[in-house]
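Asker:
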DNA sequence: GCCGACCAAACAAGCGTTTGTTTTGTCGAC
DNA sequence: GTCGACAAAACAAACGCTTGTTTGGTCGGC
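Protein chains in written order, with the numbering used here: chain A, 1 to 178; chain B, 1001 to 1178.
(1) Can you pull the chain B neighbours of residue 16/A, defined as C-beta to C-beta under 8 Å?
(2) Once you ignore the five residues that flank residue 14/A on each side, which residues in its own chain have a CB closer than 7 Å to its CB?
(3) Does DSSP put residue 40/A in a helix, in a strand, or in coil?
(4) With distances taken from CA atoms, which of 118/A, 68/A, 137/A, 116/A is nearest residue 1172/B?
(5) Beta-carbon separation of residue 72/A and residue 84/A under 9 Å?
(6) So, are the CB atoms of residue 1079/B and residue 1143/B less than 9 Å apart?
(7) To the nearest angstrom, how far is the alpha carbon of residue 1165/B from that of residue 1082/B?
(8) Hey, is residue 56/A's beta-carbon within less than 9 Å of any beta-carbon in chain B?
(9) Let me know the secondary structure DSSP gives residue 17/A once reduced to three states.
(10) Between residue 177/A and chain B, is there a C-beta pair that is closer than 9 Å?
(11) Just to confirm, are residue 34/A and residue 50/A a CB contact at a threshold of 9 Å?
(12) Using beta carbons (cut-off 9 Å, strictly below), is residue 1170/B in contact with chain A?
(13) In this structure, how does DSSP classify residue 178/A when only helix, strand and coil are distinguished?
(14) Just checking my contact of residue 1148/B with residue 149/A at CB under 8 Å: how many whole Å lie between their CB atoms?
(15) Are three or more beta carbon pairs between the segment 1115–1131 of chain B and the segment 114–121 of chain A nearer than 8 Å?
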């Protein structure tokens, strides 16, 4: 499918390094034909991004819903986040990667994407908010640090090593004080 | 200076989004004149990257050297890392940003840059290795998680909020079990 | 016979880079 | 001190190529 192929390319090579010709070739049509489905490259990316956010958001919510204890809920959510992000052929890499550059007015459709991202990250705000942390702990720093550690795993994750579930468990055991 | 301007642009807009014409314009010369100083855009970026690694490496080493207690050494190193990364007009953003994409054979000069990066991160391997952590702690996960949390701060850091030193202190207090 | 999906071909703009020429600066000989 | 020689640095203009996008036509299914 068109959007799937676009997601795969955007996710692996980034927005700027993926050309409309690349996408067309991998779908098996000519470049101009893409404009029958999307009015612009930007619009195509926004669609990929929206589907990616929706996909990872649903996975994370579903995973958390299967538990009641706060730490278990967070660990399940982190595992889902990492799985969606790291496992092949996923939309999520296309979502996460631009976030780093997004702070610097990189892409034109910044505002649209930032809102989608913020809505997604609210889940983690709730999950972290429910944790029984010792008083004085900065929960915002906790959330940002955890999300950063997870998202950065895109840079070093290799299929042979730790699984997403193991990475999630290890990261949380580092943050857990007991 | 040429390399400084290039670093500023690469750091804020990324490699692909910065054209030789951009760099030339911001130093006040014509595009072709750049090729009297560097044989290619790639070579110019490698120079920026090398200077960036050298700069952040020296800052981190100097900071750690001012302390003896392991946790104090690591916190000083993290503060220096964050300051070099986040404070304006620095080379370091040009260094850190490509790392995410580097895993995916993005730029042609991959190997050269990866080696420089790995050499830099050895410092943190040593610093984390010296910490008195409870047995069974995965020090590699600790290091990767900490570096990820710090590097990702590029995505959310704003000059008005927490200072780099505060961010470093908060992150480490989350990881410290006492 | 109409409409969505595709092809074929081109467009203007931007890219990194090259070329030939001119300016600018340096430095030793007179 | 002044001059000519030489090199570094910059200009001016173009190169071939890739980019996102547009246009006009073709074709098959409802």
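Glycine is no exception: its CB is placed at the ideal position from the N, C-alpha and C atoms.
Answerer: On the basis of the coordinates in this document:
(1) As a working mapping, residue 16/A is identified with position 16 in the first chain. Per Cβ cutoff of 8 Å: 1014, 1016, 1017.
(2) The residue you call residue 14/A lines up with position 14 of the first chain. Correct list, in chain order: 97.
(3) Reading the first chain from its first residue, position 40 is the one you call residue 40/A. In the three-state scheme derived from DSSP, where H, G and I count as helix and E and B as strand, residue 40/A is classed as coil.
(4) Here residue 1172/B is taken as the residue at index 172 of the second chain, counted from 1. Closest option to residue 1172/B, Cα to Cα, is 137/A.
(5) Taking the first residue of the first chain as 1, we reach residue 72/A at position 72. Taking the first residue of the first chain as 1, we reach residue 84/A at position 84. Cβ atoms of residue 72/A and residue 84/A: not closer than 9 Å.
(6) As a working mapping, residue 1079/B is identified with position 79 in the second chain. As a working mapping, residue 1143/B is identified with position 143 in the second chain. No, the Cβ-Cβ distance between residue 1079/B and residue 1143/B is not below 9 Å.
(7) Here residue 1165/B is taken as the residue at index 165 of the second chain, counted from 1. Here residue 1082/B is taken as the residue at index 82 of the second chain, counted from 1. Spanning the two alpha carbons is a distance of roughly 8 Å.
(8) Counted from its first residue, the first chain places residue 56/A at position 56. By this cut-off, residue 56/A is not an interface position.
(9) Within the first chain, numbered from 1, the residue matching residue 17/A stands at position 17. The answer is coil: DSSP assigns residue 17/A none of H, G, I, E or B.
(10) Along the first chain, one-based indexing puts residue 177/A at 177. At least one chain B Cβ lies under 9 Å of residue 177/A.
(11) Here residue 34/A refers to the residue found at position 34 of the first chain. Here residue 50/A refers to the residue found at position 50 of the first chain. In this structure, residue 50/A does not lie closer than 9 Å to residue 34/A by Cβ.
(12) On the second chain, residue 1170/B is found 170 positions in, with the first residue counted as 1. For residue 1170/B, the answer is yes, since a Cβ of chain A falls inside 9 Å of its Cβ.
(13) Residue mapping note: residue 178/A aligns to position 178 of the first chain, counting from 1. Here residue 178/A sits in coil by DSSP.
(14) Counted from its first residue, the second chain places residue 1148/B at position 148. Counted from its first residue, the first chain places residue 149/A at position 149. Indeed, because the Cβ distance is near 4 Å, the residues count as touching under 8 Å.
(15) Touching, no, given that fewer than three Cβ pairs across the two stretches are closer than 8 Å.
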